[in-house]
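> In the working numbering, the protein residues as written are 3 to 98. Beta carbons are placed, not taken as given, at the ideal position from N, Cα and C, and that holds for glycine.
Here it is in C-alpha cells:
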C-alpha cells in the first residue's frame with residue numbers, strides 16, 4: 003500500500019484508531035470525514051491526524067501506478083466511502 007484513505011467521522015474513536023494504525027505503520031494516511039474535504043480540481047485535501055490536527059496536503063495523489071488502501075469506521079455510510087473513491091478516481095484520471 004502506497005497511501006491509505008480512512009473515511010469516517012472525526013468524532014469516531016474507531017476511525018481515529020484506524021488512522022493511528024496507518025500512522026504507526028509509517029504509511030501516508032489521510033483521514034477524511036466527507037468527500038467535501040477532497041478538492042478534485044486542485045488535487046488537495048484537508049485531513050485529520052489521529053491526534054486531532056487538521057492538515058491540508060496538495061498534490062497528495064501522484065501520477066503513475068499507485069496502490070491506495072481504503073478503510074472506514076464501522077458506522078461510516080457506504081455512500082461516504084463511494085464518494086471518496088469517486089473523487090480519487092477522478093483525480094487520477096486527470097493526472098494520466
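Hey, would you say residue 45 sits closer than 8 Å to residue 63, going by beta carbons?
Mapped onto the chain shown, residue 45 falls at position 43. Mapped onto the chain shown, residue 63 falls at position 61. Their beta carbons are under 8 Å apart, which means residue 45 touches residue 63 by this criterion.
> For residue 26, I'd like the list of residues in its chain whose CB is within less than 7 Å of its CB, leaving aside the five on either flank, ordered along the chain.
The residue you call residue 26 lines up with position 24 of the chain shown. No residues qualify anywhere along the chain.
> From residue 48 to residue 6, what does the alpha carbon distance come to, in whole angstroms?
Within the chain shown, numbered from 1, the residue matching residue 48 stands at position 46. Within the chain shown, numbered from 1, the residue matching residue 6 stands at position 4. In a straight line, the C-alpha of residue 48 is about 14 Å away from that of residue 6.
> Leaving aside the five residues before and after residue 60 along the sequence, list all residues of the same chain whose C-beta is less than 8 Å from its C-beta, in chain order.
In the chain shown, the residue the question calls residue 60 occupies position 58. Excluding sequence neighbours, residue 60 sits near 44, 45, 46.
> My assumption, with CB atoms under 8 Å, is that residue 179 sits in contact with residue 42. Please give the rounded CB distance.
Outside the shown range of the chain, which is 3 to 98, sits residue 179, and nothing can be said about it.
> Measure from the alpha carbon of residue 98 to the alpha carbon of each residue in 28, 72, 66, then state which is nearest.
In the chain shown, counting from the first residue as 1, residue 98 sits at position 96. For residue 98, the nearest C-alpha among the options comes from 66.
> With a CB to CB cut of under 7 Å and the five nearest residues on each side skipped, what residues in its chain are close to residue 56?
Start at 1 with the first residue of the chain shown, and residue 56 comes out as number 54. Answer for residue 56: 48, 50, listed in chain order.
> Once DSSP output is grouped into helix, strand and coil, what is the label at residue 3?
Your numbering for residue 3 matches position 1 in the chain shown. Correct three-state label for residue 3: coil.
> With 16 other CB atoms within 10 Å as the buried threshold, where does residue 15 fall?
Here the question's residue 15 lines up with position 13 in the chain shown. With fewer than 16 other Cβ atoms within 10 Å, it is exposed.
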